[in-house]
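Going by the numbering used here, the first residue of the sequence shown is number 66, and it counts up by one from there. Ideal Cβ positions, reconstructed from N, Cα and C, are used throughout, including at glycine.
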Amino acid sequence: MTRPLHLERRGAVYYVRIRVPTIYIQALEIKDFKRSLATKDYATAKRRCNEAVRWFQEAVERMAGSGVLDRNRLEEAANAYFAQLLRQVDQPRDLPKDDFDNALAMQIEQTEAEIERLEAILKVHDYKAAGYAEAARTMLIPMGIDFDALDPDAQFDAKNHAARALFQQMRYLLHSLQTPARRFAPDDELFSLRPPAPIIQQAITPAAPVPKIIRPELTLESTVTEYNAYLVRTERQGSTRDETARVLRWLQEEIPPATPVSQITHDHMREFRNCLLELGTGAQGKKLPFRQRLALPGQENLRFVTRQRYWRFTTKFFGWLQAEYRIANPAKDLLFEGGKNELRHSPEPFSTEELKRFLRTPLFTGYKSHNRMLAEGDCLIRNGYWWSAVLMMFTGARAGDIAQLLPSDFRFDEPVKHLIIQPGTLPEGFPKRSKFGPRTHTIPLHPSLLELGIREFVEARAKRHAGKRLLFEIGLGGHRMSTGMTKFWSRYLHAFDLFRPGRATHVHRHTMTARLRAAGVSNEDSGAVLGHSDGSVTAGYGGDQGLVRKLATLEKLDHGFDVVGALGGPYDPKVHRY
């Protein structure tokens, strides 16, 4: 007997798997419908599989037979619904003659309150209340469209248009109460009350030529895909690529992806800019529609620097479009202002006492085992996690650069012993990624590192673990090479009450800067060690600052106590193992 086409088995349990028709993949956001049939019995599985296939085909037929709600039909329905709402407002109102002024004032106050409520709802597109679905259902009935048969996105659009009509109805009611003799003008371009031109005028006026669409094949969706590929090709940082993709995905929620980019207007971008300015906290890491990420009245906004960065990624996309295809930049000259009174958050460096506490934690004084480094024990192995902290403490290097170090990046036989942050290929098979890009950056090895046994550690690892990264036990992220370091140290600092916002790994970079500044080191010299640039033309002359001068800078680093002693003393092969 032939097995049903869609029946599969994983281990002992049977599954049904049905390929979703291409036209419904985007709506359903899946390519395959897969469900366990919760049985190991073939006969039962066969029966359940046939039932599942029959149910799936009926569901697809319902989708195919449901009304198609394109933009034109939706706007037509919204305008007809709006006209109906205006007729309701125009019904005579009976206000008591003996208390007319108070009754009118109360009605105006209630209308203004309803306008504020609807405006707040439209701002965040929160149409969960049953009334909006009912309004959308009423709006679509004259068009012969069944609201309940529409897909979720179409239902959302219908509720949005119904809510916009209700909002204008309230504005019209307020207008009729306050200034009934004046002509009402909706402030929503969806609803136009301008009378049609006279028939004679229409007959003698030639029709305006339909403007030609420039490069119609360059849609928002296709150019976003190309731009994301361009960011990969030009080796932009993983975080930049991720955030750019996120922002451009939001843009496609606001502007249909099939829109030719030449048709995106200044008004489109001004509206998107305004929404970015209203982004609120609390939605980070959640898969929410763009409009549901906007802050409600009284809620806190994202930090301005974050919102500003999102806008910068948007304008860079349109700048690339202009340079690549000579498409006019619709975001040009739009300002993104604010944040003047917002405090900039910077990771708080360790104080001397906090650094002492940090070095008294189990990783440095003795831990239980490799899998229990937060618990006290007798294990004193100076492993990759131990050295990751010590290297960050005495070099100020970024966590991602430390995680990618190879044994070959160290130069112990040079006059000034140093490490090099440089491009290359990792043993995992992909290229190194760093904020330095294709440039190299050299950092002298602080005398304390040599005293603690950095040379012995690097040479031992190169011999015993040839072909691996120096700190191979620390994982790398998919885009952020610091992911493994950040996860470990964030958890570690939380465990010992040393965590503060942003502290996970950057705390050592900030601590070293603070200690150098306290020792009277100039920003130029500390910046040379950290790899910062002041951005001036002069700073670019003469190449990188020499190793001798950088070493002189690092030798001024004073943490206020004997760090080598706190770390267990100078390297002793009889005591310290790798």
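Any beta strand (DSSP E) of 3 or more consecutive residues that is wholly inside the segment 481 to 527: Here the runs fully enclosed are 483 to 486 and 506 to 509.
My understanding is that Pro492 touches Arg534, with C-beta atoms under 8 Å, so please give their C-beta distance in whole angstroms. Start at 1 with the first residue of the sequence shown, and residue 492 comes out as number 427. Start at 1 with the first residue of the sequence shown, and residue 534 comes out as number 469. Distance from Pro492 to Arg534 at the Cβ level is roughly 6 Å; contact confirmed, criterion being Cβ atoms closer than 8 Å.
Identify whether Thr570 lies in helix, strand or coil by the three-state DSSP scheme. The count along the sequence shown starts at 1 and reaches residue 570 at position 505. Residue state for Thr570 is assigned as coil, using DSSP reduced to three classes.
My output table needs one value for Ala272: the three-state DSSP class, helix, strand or coil. The residue labelled residue 272 in the question sits at position 207 within the sequence shown. Any reading at Ala272 must be qualified, since the residue scores a pLDDT of 49, below 50, and its modelled position is unreliable; the value itself is stated next. In this structure, Ala272 counts as coil in the three-state DSSP scheme.
What are the residues that DSSP puts in a beta bridge with Asp97? Residue numbering aside, residue 97 sits at position 32 when the sequence shown is read from its first letter. Looking at the DSSP output, Asp97 bridges to Arg84.
Are the segment 567 to 583 and the segment 613 to 626 in contact at 8 Å, needing three or more beta carbon pairs? Per the Cβ contact rule, the segment 567 to 583 is in contact with the segment 613 to 626 (3 or more Cβ pairs under 8 Å).
Indicate whether Val629 and Pro638 have their beta-carbon atoms separated by less than 8 Å. Your numbering for residue 629 matches position 564 in the sequence shown. Your numbering for residue 638 matches position 573 in the sequence shown. In terms of Cβ geometry, Val629 and Pro638 do not form a close pair [threshold 8 Å].
Distance, Phe429 Cα to Gly442 Cα: Sequence index remark: in the sequence shown, residue 442 carries index 377 (1-based). Sequence index remark: in the sequence shown, residue 429 carries index 364 (1-based). Between Gly442 and Phe429, the C-alpha separation is close to 11 Å.
Determine the extent of the beta strand (DSSP E) in which Arg74 is found, giving its start and end residues. As a first step, residue 74 must be located in the sequence shown, where it is residue number 9. Counted as a single uninterrupted DSSP element, the beta strand (DSSP E) harbouring Arg74 occupies residues Leu72 to Arg75.
Integer Cβ distance of Leu517 from Leu632, believed to fall under 8 Å: Taking the sequence shown and counting its residues from 1, the one referred to as residue 517 is at position 452. Taking the sequence shown and counting its residues from 1, the one referred to as residue 632 is at position 567. Confirmed, Cβ separation roughly 6 Å.
May I have the straight-line CA-CA distance separating Ala454 from Arg545, to the nearest angstrom? Residue mapping note: residue 454 aligns to position 389 of the sequence shown, counting from 1. Residue mapping note: residue 545 aligns to position 480 of the sequence shown, counting from 1. If you take the alpha carbons of Ala454 and Arg545, they lie about 18 Å apart.
Put Ala148 into one of helix, strand or coil per three-state DSSP. Here the question's residue 148 lines up with position 83 in the sequence shown. DSSP, read as helix, strand or coil, puts Ala148 in helix.
Assess contact between the segment 467 to 477 and the segment 510 to 529, defined as three or more Cβ pairs (one per stretch) separated by less than 8 Å. Is contact present? Verdict: yes, contact present.
Candidates Glu402, Leu619 and Arg568: closest to Ser587 by CA position: Stepping through the sequence shown from its first residue, residue 587 is reached at position 522. Cα-wise, what sits closest to Ser587 is Leu619.
Taking just the CA atoms, how far does Leu536 sit from Leu470? As a first step, residue 470 is located in the sequence shown; it is residue number 405 there, counting from the start. As a first step, residue 536 is located in the sequence shown; it is residue number 471 there, counting from the start. Those two C-alpha atoms are separated by around 7 Å.
Just to confirm my understanding: we take His240, look at its own chain, exclude 5 residues before and 5 after, and list those with CB closer than 6 Å. What are they? Translated into the one-based positions of the sequence shown, residue 240 becomes position 175. Around His240: Phe249.
What do you get for Ile206, buried or exposed, if any count of 16 or more other CB atoms within 10 angstroms of its CB means buried? Taking the first residue of the sequence shown as 1, we reach residue 206 at position 141. With fewer than 16 other Cβ atoms inside 10 Å of its own Cβ, Ile206 counts as exposed.
Enclosing alpha helix (DSSP H) for Lys224 [first to last residue]: As a working note, residue 224 is residue 159 in the sequence shown. For Lys224, the enclosing alpha helix (DSSP H) stretches over residues Pro217 to Gln243.
Just confirm the distance between the C-beta atoms of Phe382 and Tyr237, as a whole number of angstroms; I'd bet it's less than 8 Å. For the purposes of this step, residue 382 is taken as the residue at position 317 of the sequence shown. For the purposes of this step, residue 237 is taken as the residue at position 172 of the sequence shown. Distance from Phe382 to Tyr237 at the Cβ level is roughly 39 Å; contact not present, criterion being Cβ atoms closer than 8 Å.
Given a threshold of 16 other Cβ atoms within 10 Å of its Cβ, counted over all protein chains shown, does Asn225 qualify as buried or as exposed? Numbered from its first residue, the sequence shown carries residue 225 at position 160. Its Cβ being crowded by 16 or more others within 10 Å, Asn225 is buried.
Identity of the residues DSSP links to Ser434 by a beta bridge: Within the sequence shown, the letter at position 369 stands for residue 434. Note: Ser434 sits in a beta bridge opposite Arg437.
On the premise that Ile486 lies in contact with Asp466, defined as a C-beta separation below 8 Å, what is that separation, rounded to the nearest angstrom? Here the question's residue 466 lines up with position 401 in the sequence shown. Here the question's residue 486 lines up with position 421 in the sequence shown. So it is a contact: roughly 5 Å between Cβ atoms.
Return the chain-ordered list of same chain residues with a C-beta closer than 6 Å to the C-beta of Gly404, the five sequence neighbours on each side being excluded. As a position in the sequence shown, residue 404 is number 339, starting the count at 1. Once the five neighbours on either side are set aside, the close Cβ partners of Gly404 are Phe369.
Apart from the five residues on each side of it in sequence, which residues of its chain come closer than 8 Å, Cβ to Cβ, to Arg614? Position 549 of the sequence shown, counting from 1, holds the residue named residue 614. If we look at Arg614 and ignore the five residues flanking it on each side, its Cβ neighbours are Asp590 and Ala593.
Taking only three categories from DSSP, how would you classify Gly596? The count along the sequence shown starts at 1 and reaches residue 596 at position 531. Coil at Gly596, not helix or strand.
From the DSSP output, in three-state form, read off Val78 for me. Position 13 of the sequence shown, counting from 1, holds the residue named residue 78. In the structure shown, Val78 falls within a strand segment according to DSSP collapsed to helix, strand and coil.
Could you spell out where the alpha helix (DSSP H) holding Asn339 opens and where it closes? For the purposes of this step, residue 339 is identified with residue 274 of the sequence shown, where counting begins at 1. Run containing Asn339: His331 to Leu342, per the alpha helix (DSSP H) assignment.
State buried or exposed for Gly449, treating a residue as buried only when at least 16 other CB atoms are found within 10 Å of its CB. One-based indexing of the sequence shown puts residue 449 at position 384. Gly449 is buried by the Cβ-count criterion.
Residue environment, Tyr643, which counts as buried when at least 16 other CB atoms sit within 10 Å: Looking up residue 643 in the sequence shown gives position 578. Label assigned to Tyr643: buried.
So, with DSSP's three-state summary, where would you put Asp623? Working through the sequence shown from its first residue, we reach residue 623 at position 558. Per DSSP, reduced to three states, the secondary structure at Asp623 is coil, with no helix or strand assignment.
If you reduce the DSSP assignment to three classes, tell me which class Leu612 lands in. Sequence index remark: in the sequence shown, residue 612 carries index 547 (1-based). Here Leu612 carries a helix assignment [DSSP, helix/strand/coil].
So, helix, strand or coil for Phe475, using DSSP? Taking the sequence shown and counting its residues from 1, one reaches residue 475 at position 410. DSSP places Phe475 in strand when its eight states are reduced to three.
What is the DSSP secondary structure of Thr104, counted as helix, strand or coil? Position 39 of the sequence shown, counted from the start, is the residue given in the question as residue 104. DSSP places Thr104 in coil when its eight states are reduced to three.
Mind checking whether Leu255 and Ala143 have CB atoms under 8 Å apart? Position 190 of the sequence shown, counted from the start, is the residue given in the question as residue 255. Position 78 of the sequence shown, counted from the start, is the residue given in the question as residue 143. Contact: yes.
How about Met438 and His573: are their beta carbons less than 8 Å apart? Taking the sequence shown and counting its residues from 1, one reaches residue 438 at position 373. Taking the sequence shown and counting its residues from 1, one reaches residue 573 at position 508. Going by C-beta atoms, Met438 is not nearer than 8 Å to His573.
Thr284, DSSP secondary structure in three states: Taking the sequence shown and counting its residues from 1, the one referred to as residue 284 is at position 219. If DSSP states are grouped into helix, strand and coil, Thr284 belongs with the strands.
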